[in-house]
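Worksheet: the structure to be examined is printed underneath.
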Amino acid sequence: MTHTTLDPTPSGSLRLPSWFRQPIPDMEKISAMKDSFRSKGLHTVCESSHCPNMGQCWGRGVATFMILGDVCTRACRFCAIAAGNPLKVDLDEPEHLAQTIQRMKLRYVVITSVARDDLGDEGAGHFAKTIIAVRKENPAIKIEVLIPDFSAEEGRLKKVTDVAPEVMSHNIETVRRLSDQVRPQAEYERSLLVLKTIKRLNPSIFVKSSFMVGLGESREEILSTMTDLLEAGCQILTIGQYLAPSQMKRHLKVERFVSPEEFENYRQLGRKMGFRHVMSGPLVRSSYIAEEGYQECVKDLVST
Ligand code: SF4
4 MTHTTLDPTP SGSLRLPSWF RQPIPDMEKI SAMKDSFRSK GLHTVCESSH CPNMGQCWGR
64 GVATFMILGD VCTRACRFCA IAAGNPLKVD LDEPEHLAQT IQRMKLRYVV ITSVARDDLG
124 DEGAGHFAKT IIAVRKENPA IKIEVLIPDF SAEEGRLKKV TDVAPEVMSH NIETVRRLSD
184 QVRPQAEYER SLLVLKTIKR LNPSIFVKSS FMVGLGESRE EILSTMTDLL EAGCQILTIG
244 QYLAPSQMKR HLKVERFVSP EEFENYRQLG RKMGFRHVMS GPLVRSSYIA EEGYQECVKD
304 LVST
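Each number in this note's numbering corresponds to the 1-based position in the sequence shown with 3 added.
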C-alpha cells in the first residue's frame, strides 16, 4: 500500500519512526468536509490540533467538533491551537452543529472546546445547550464531550452532567511532575478533581481521560498517573505519543518516541488495573475511534 510520512516538524529535532507512516488520505473527501464545516462557521480539533489521524478519521466521515471558537485563552506547551483573545460566542453554533451532525448521519460524536476563561461560566452553559440541540436533532446519537477544567467549579460541571452526555472526558495530559511545564495554566490535582466531581454528580456518565507520553516522564510516573486516574473514577483511558506541533520555542520538544510494544504494555496493565477500556498507541488521541471505549463500557455493564 502507498504510504506517506507526516510532516517532519512534529518530532522537533528527533526523526519520526516508521510506525508513524500513514496511508495517503482522500483529499477530495477531506476538502468537501472542510467546506461543509466552514460554511456553517464550525471548527474541528482535528484541523486545529494538526491531528495526524485526519486522513483516517475523515476518510471514515468522522470528525471531532470544537465549539466556542478556535482561539484558546490558555497556552499549553503541547498544543497547536491558537492562543489569545477569543471571539464572541456564536449563539447559533449549537443548532448549526446539530444540523451538520444530522447531515453526516453520525451515531456517535465527540465535541470538545477551547478553554474560555474569559466567560462567566467558562463555556459550561454553551456545552449544555450544544448537547441538548444535538440530541433534539439526532435522537439516537451518543455524545462524548471532552471538556476543559471549568476551574473544577461544581456548578459549571453540573450544567453539563445534568444534560447527561454518554461520556465525559477531561484530559490530565501528562504526569504530575511535568504538569506545570506542559500546561502552565492548569493543575494536575484540579484535573483529578474534575473527574471525581463528574462521577459524583452523575454516576451514569462514563468518565474518560487521556495523557501523552514522550515528554520526559518515567515508567513509574506513567503508572502512578494511571493509578491516580483510576482512583478519580476514570473508566476509559487513552495514551498516545506527544508530537511537537512546531519547532517554535513555545512548543516542547519530543524527548522520546515510545515503541508500539511499550504502548501495548501500558494497555494491558491498564486493563489489569481495572480501566474498562484502554487505547494506547503512538497515534492514539483522546477522540481516536472514541465510540469503541463507550461500547466496551456498555458491554461491561450488561455483563455485570
Ligand atoms: S483522532 Fe480525533 S482529533 Fe484526530 S482526526 Fe480523529 S477524530 Fe479528529
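By construction, the Cβ of each residue, glycine as well, lies at the ideal position given by its N, Cα and C atoms.
Every value quoted in this text rests on a predicted model; they were computed, and no experiment measured them.
Taking Cβ to Cβ, would you say residue i is nearer than 7 Å to residue j?
| i | j | result |
| --- | --- | --- |
| Ser212 | Asn174 | yes |
| Thr67 | Cys79 | no |
| Val185 | Glu220 | no |
| Pro28 | Gly64 | no |
| Ser194 | Asp231 | no |
| His53 | Pro263 | no |
| Arg159 | Asp124 | yes |
| Leu286 | Pro55 | yes |
| Pro97 | Lys43 | no |
| Phe81 | Tyr245 | yes |
| Val148 | Pro168 | yes |
| Phe214 | Glu258 | no |
| Gly128 | Lys162 | yes |
| Arg119 | Thr76 | yes |
Taking all protein chains shown into account, decide if residue i is buried (16 or more other Cβ within 10 angstroms of its Cβ) or exposed.
| i | result |
| --- | --- |
| Thr241 | buried |
| Ala35 | exposed |
| Ser289 | buried |
| Thr200 | buried |
| Asp142 | For the record, residue 142 in the displayed sequence is Pro; it is not Asp. Exposed, since its Cβ has fewer than 16 Cβ neighbours within 10 Å. |
| Arg135 | As written in the sequence, residue 135 is Ile, which differs from the Arg given in the question. Exposed, by the Cβ-count rule. |
| Ala85 | exposed |
| Gln250 | exposed |
| Val305 | exposed |
| Ala101 | buried |
| Leu181 | buried |
| Asn88 | exposed |
| Thr307 | exposed |
| Leu19 | buried |
| Lys252 | exposed |
| Lys145 | buried |
| Trp22 | exposed |
| Met30 | exposed |
| Ser39 | exposed |
| Asp10 | Unreliable positioning characterises Asp10 in this predicted model, as indicated by a pLDDT of 44, which lies under 50. The coordinate reading is nonetheless provided below. Result: exposed. |
| Gln2 | Nothing about residue 2 can be read from this structure; the chain reaches only from 4 to 307. |
Per DSSP, which one or two residues make a beta bridge with residue i?
| i | result |
| --- | --- |
| Ala143 | Note: Ala143 sits in no beta bridge, so no partner. |
| Ser172 | Leu149, Lys211 |
| Phe68 | Thr47, Ile114 |
| Cys75 | Ala86 |
| Leu240 | Ser212, Val281 |
Does the segment 191 to 208 come within contact of the segment 277 to 287, defined as at least 3 CB pairs closer than 8 Å?
Because the criterion of three Cβ pairs below 8 Å is not met, the segment 191 to 208 and the segment 277 to 287 do not touch.
At a cut of 8 Å, does the segment 70 to 78 reach the segment 101 to 113 through at least three beta carbon pairs?
Proximity of the segment 70 to 78 to the segment 101 to 113 falls short of the contact definition, fewer than three beta-carbon pairs being nearer than 8 Å.
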